[in-house]
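Residue numbers (the numbering used here), protein chains in the order written: chain A, 1 to 313; chain B, 1001 to 1313.
Beta carbons: idealized from backbone N, C-alpha and C, even for Gly.
Being a predicted model, the structure only gives us computed values, none of them experimental.
Number of protein chains: 2
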Amino acid sequence: MKDRYYIGIDLGGTNLKIALFDSTCRIIGRQVLPTEIFAQPKSLITAIVSSVNAIMAGRRLNTSAILGIGIGLPGPVDVTQGVVHFFPNIPGWKEVPLRSILEEKLGLPVFVDNDANLMCLAEYKAGAARGSTNAVCLTLGTGVGGGLIIDGRLFRGSSFAAGEIGHVPINEHGPACNCGGVACLESYIGNRRIAHRVRMIFKKDIPLEDLSRMARRGNAKAAAIWKDVGRKLGVALVGVVNLLNPDRIVIGGGVANAGSVLFDAVSETILMQAMVVQAKKVRVTKAQLGSDAGMIGAAFLVKEETDKRKTAR
Amino acid sequence: MKDRYYIGIDLGGTNLKIALFDSTCRIIGRQVLPTEIFAQPKSLITAIVSSVNAIMAGRRLNTSAILGIGIGLPGPVDVTQGVVHFFPNIPGWKEVPLRSILEEKLGLPVFVDNDANLMCLAEYKAGAARGSTNAVCLTLGTGVGGGLIIDGRLFRGSSFAAGEIGHVPINEHGPACNCGGVACLESYIGNRRIAHRVRMIFKKDIPLEDLSRMARRGNAKAAAIWKDVGRKLGVALVGVVNLLNPDRIVIGGGVANAGSVLFDAVSETILMQAMVVQAKKVRVTKAQLGSDAGMIGAAFLVKEETDKRKTAR
Chain A
1 MKDRYYIGID LGGTNLKIAL FDSTCRIIGR QVLPTEIFAQ PKSLITAIVS SVNAIMAGRR
61 LNTSAILGIG IGLPGPVDVT QGVVHFFPNI PGWKEVPLRS ILEEKLGLPV FVDNDANLMC
121 LAEYKAGAAR GSTNAVCLTL GTGVGGGLII DGRLFRGSSF AAGEIGHVPI NEHGPACNCG
181 GVACLESYIG NRRIAHRVRM IFKKDIPLED LSRMARRGNA KAAAIWKDVG RKLGVALVGV
241 VNLLNPDRIV IGGGVANAGS VLFDAVSETI LMQAMVVQAK KVRVTKAQLG SDAGMIGAAF
301 LVKEETDKRK TAR
Chain B
1001 MKDRYYIGID LGGTNLKIAL FDSTCRIIGR QVLPTEIFAQ PKSLITAIVS SVNAIMAGRR
1061 LNTSAILGIG IGLPGPVDVT QGVVHFFPNI PGWKEVPLRS ILEEKLGLPV FVDNDANLMC
1121 LAEYKAGAAR GSTNAVCLTL GTGVGGGLII DGRLFRGSSF AAGEIGHVPI NEHGPACNCG
1181 GVACLESYIG NRRIAHRVRM IFKKDIPLED LSRMARRGNA KAAAIWKDVG RKLGVALVGV
1241 VNLLNPDRIV IGGGVANAGS VLFDAVSETI LMQAMVVQAK KVRVTKAQLG SDAGMIGAAF
1301 LVKEETDKRK TAR
């Protein structure tokens, strides 16, 4: 049998990333475009189509060699219908039937899911959650996203919206969150909030990568900021750990680069405050797949879905 | 084929309840004993054995007519090994291999789980969560217990300890909880805490059933207490709803009798503060099976497990 490939796409607020994967879901070619140049859904869809065609042409592949295309999307989607409800950070998208549009234009099966779910699937299949049974994956950035592996499968919830760890409240009263909630984890530890604390404490702007470096080198003020982030994240995770009794928590995204000062505060909070049986069972670890996780998860989504169809036949 | 039966047992801090079920998991006979008279695990186990024998004798059934015995237990258990780790409210139990002891004494298959899980299974199979796909079940009493139905199955977590909604923190700082946690939901809305508030406000003790009646009849102070309980419960459930995107939340236990003042506060908090997609999907409803839920869940546990074995053969 000839070689078969998957295409994985990660549509972010900043970049549109596309990769070609071999049959074991390893990246063998990639392409990145800035998202912001595509003002309309229509032009973004056109860009996706020409990128897919270009990446296939680069390897002289035609559609018969491609098993399918997976796409991770930065907002709520109807996974079954393949419809984008909206994107919080990309204007113009509202109830767009992205899957059927792309399937028609490309002549290939298309599968969609939100980016946090696909990051989680990727870490479970090929990263830091491999070998676990129940895993909680987080990405810490401007937003705090999450995905759940439950009994060895990606859990999507009753309207494909499960996993929103960033919107678990950690106080009864607190800052209003963009989501409409109150005192959501994200409103305490989202990038913007950390940057705000940095300005309060250092009286100037410091990029968060530099703040991480300062903490690693022993700057006490920088370490205190990350420790507080870890403790607040820990409080939300105590609830998640007591509720779901996972064996693995995977933390990714730029903020995860703060290193041990952050991770130690998270683990200590869980160990101190979660129930004994649950706390003893769970291991907190850094994500392994970095910014490729979305594309890798998209490829695994295609693999899972097409394998399922094979079995069903 | 002759009729087959299940036996469902609910071991609580107060009562040991045993029922005989027909093949559709309907109760056809029952027996209740006070738990406290059995000071040792040994005497409690003897009481279980003689109750099971008595309930079978009452119908002139021998073991060949019984498919198995299910037991709901008031503490953490190893479901696979059938071992009781301990009971918070019944002294003397520590790593007791209850299943193998009972299987030897009774000559019947025995299945164990914790009581909150079995309450949840019962409401899912025959009560207020019937027809849902992802359900969160709570019992409000001295403790706040919980169970989860995930994608149509009871979810137990990586060490059979999932579902502890009572130990989701609702604040970063707050009262110390018996579990070792801080600001757990239970430490705000457990029966004892509500009774304490009653004493503060009314300057006397009022049984919670009376407080519920007073609220239903329009007593503003009583209503305010229940409203606050509902709001705090709502905050914990906002986190659960954003995380798990369930389609049903079932609330049982004595406190659930407070009625609409409590349920309205819960629903309002979810509607106001949970994310739109998740909030729109979920329905909050009162448990239907009352204090029989534990036994009914135990019978369904036997049914599920023995059906599984049949399929596997």
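Exercise for review: Please decide whether T1014(B) counts as near chain A, where near means a Cβ-Cβ distance under 8 Å.
Suggested key: Chain A contact via Cβ: absent.
Point to revise | Environment of K308(A) [buried if 16+ CB atoms lie within 10 Å] | key: exposed
Point to revise | N178(A) burial status per 10 Å Cβ neighbour count (16 or more: buried) | key: Classification for N178(A): exposed.
Exercise for review: Just grab the DSSP bridge partners of R1283(B) for me.
Suggested key: R1248(B)
Check your understanding: Any idea which residues DSSP pairs T1139(B) with across the strands?
Key -> G1145(B), G1252(B).
Practice item. Give the straight-line distance between the Cα atoms of N117(A) and N134(A), rounded to the nearest whole angstrom. Key: 14 Å
Check your understanding: Taking the runs of the alpha helix (DSSP H) that are 4 residues or longer, which of them lie wholly in the segment 1049 to 1102 of chain B?
Key -> none
Review point. Since C1179(B) meets chain A, which of its residues come closer than 7 Å, beta carbon to beta carbon?
Key: The answer, in chain order, is M275.
Review point. Exposed or buried, which one is H1167(B) when buried takes at least 16 other CB atoms within 10 Å?
Key: buried
**Study point:** Cut-off 6 Å between Cβ atoms - residues of its own chain near I1225(B), not counting five sequence neighbours on either side
**Key:** R1197
Review point. Between L1102(B) and I1048(B), which are expected to be in contact by the criterion C-beta below 8 Å, what is the C-beta distance as a whole number of angstroms?
Key: 7 Å
**Study point:** Contacts around I170(A), its chain only, beta-carbon distance under 7 Å, and the 5 residues preceding and following it disregarded
**Key:** Contacts found: A183, L185, Y188, K232, V235, A236.
Check your understanding: Which term fits T285(A), buried or exposed, when burial requires 16 or more other beta carbons within 10 angstroms of its beta carbon?
Key -> buried
Review point. Cβ atoms of A126(A) and I296(A): under 8 Å apart, would you say?
Key: yes
Point to revise | Near-chain A residues of the segment 1219 to 1235 of chain B - C-beta to any C-beta below 9 Å | key: R1231, K1232, V1235
**Study point:** Within 8 Å, strictly: CB atoms of I1071(B) and V1110(B)
**Key:** yes
**Study point:** Buried versus exposed call for H1085(B) [16 or more other C-beta atoms within 10 Å across all chains shown]
**Key:** buried
Exercise for review: Identify whether G239(A) lies in helix, strand or coil by the three-state DSSP scheme.
Suggested key: helix
Practice item. Quickly, what does DSSP pair I1314(B) with across the bridge? List them, please. Key: Nothing in the structure corresponds to residue 1314(B), since chain B is present only between 1001 and 1313.
Practice item. Note the first and the last residue of the continuous alpha helix (DSSP H) segment covering R1192(B). Key: 1191 to 1202
Check your understanding: Counting along the chain, where does the beta strand (DSSP E) carrying Q1273(B) start and finish?
Key -> Here Q1273(B) belongs to no beta strand (DSSP E); instead the alpha helix (DSSP H) covers 1260 to 1273.
Review point. Are the CB atoms of V79(A) and D113(A) nearer to each other than 8 Å?
Key: yes
Practice item. Starting from D151(A), trace the alpha helix (DSSP H) both ways and give me its first and last residue. Key: Segment: none, D151(A) is in no alpha helix (DSSP H) and carries neither H nor E.
Point to revise | Any C-beta of chain B under 8 Å from that of I9(A) | key: no
Review point. Does the distance from the C-beta atom of T1035(B) to that of L1011(B) stay below 8 Å?
Key: yes
Exercise for review: Check the Cβ-Cβ distances between L1243(B) and every residue of chain A, and say whether any is below 8 Å.
Suggested key: At least one chain A Cβ lies under 8 Å of L1243(B).
Practice item. Find the nearest neighbour of S1050(B) within the set S1212(B), L1073(B), I1018(B), judged by alpha-carbon distance. Key: I1018(B)
Check your understanding: Using the C-alpha atoms, what's the distance from K280(A) back to N1015(B)?
Key -> About 31 Å.
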